[in-house]
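Take a look at the structure set out below.
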Amino acid sequence: MKKVRVFGITFVLIMVYCSVVSAGYFKQRGGGSNPMQGHKLMRILEEIDLSDDQRTKVFNIIKKYRENNKEAMNKMHESRERLADTMHADEYNESNIRDAYKQVASNMEELTVSRAQMFSEIKPVLTHDQIETIKKMKATMKKRRELRKSFSRSMGKCGFQSQGE
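Residues 51 to 215 in our numbering are what the sequence shown lists, from first letter to last.
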């Protein structure tokens, strides 16, 4: 009886863990759509030492796009939730899954274009040195992403290699 109880509790804990992990997976996937993306921009702008005039101009540009980007982000999150619901529906329907995925892609496209447009307006406000600093920061962030990817891939192989490998 005790073994059955331990097994049952272990099974429930594993199911809860898997649910939490998959919820996080569907909520946070997608390059550049991370809710922290705006915070990355703010951190970059703090690092490049804007003058008072630049700061005013840049924040006015950000304010101009804020509502549109927020709305686009909300639409994207809603469409991702619909996709997850469609994927886990009681009945498999490939057409519905494809339609839901296309909506996610469309919403992500709108957000990406809006962010790129915003940055294209910010860029002329910056000096050449500030732009170079941003490029270096982006290169550093890219290296970190690659290291995380590499680490994740290597962790996936630990103990799970087939006999042929």
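Glycine residues also receive a C-beta, built at the ideal position from the N, C-alpha and C atoms.
Check	Outcome
Which of the three DSSP states, helix, strand or coil, is assigned to residue 200?	helix
Determine the closest residue to residue 108 out of 157, 143, 176, with distance taken between C-alpha atoms.	176
Can the beta-carbon of residue 118 be found closer than 9 Å to that of residue 156?	no
Curious, which full-length alpha helix (DSSP H) runs of at least 4 residues does the stretch 143 to 192 contain?	144 to 172
Please classify residue 98: does DSSP put it in a helix, a strand, or coil?	coil
Which of the three DSSP states is assigned to residue 52 in this structure?	helix
Could you have a look at residue 140 and say whether DSSP puts it in helix, strand or coil?	coil
Could you give the distance in angstroms between the alpha-carbon of residue 129 and the alpha-carbon of residue 196?	28 Å
When you compare only the Cα positions, how much space is there between residue 138 and residue 131?	11 Å
Measure the CB-CB distance between residue 112 and residue 91 and report whether it falls below 9 Å.	yes
Return the chain-ordered list of same chain residues with a C-beta closer than 6 Å to the C-beta of residue 180, the five sequence neighbours on each side being excluded.	98
Here's a check: name, in chain order, each residue in its chain whose Cβ is nearer than 7 Å to the Cβ of residue 115, leaving out the five neighbours to either side.	164, 168
Assuming contact is defined by CB atoms lying nearer than 9 Å, are residue 146 and residue 136 in contact in what I supplied?	yes
On a Cα-Cα basis, can you pick out the residue from 158, 102, 185 that is closest to residue 121?	158
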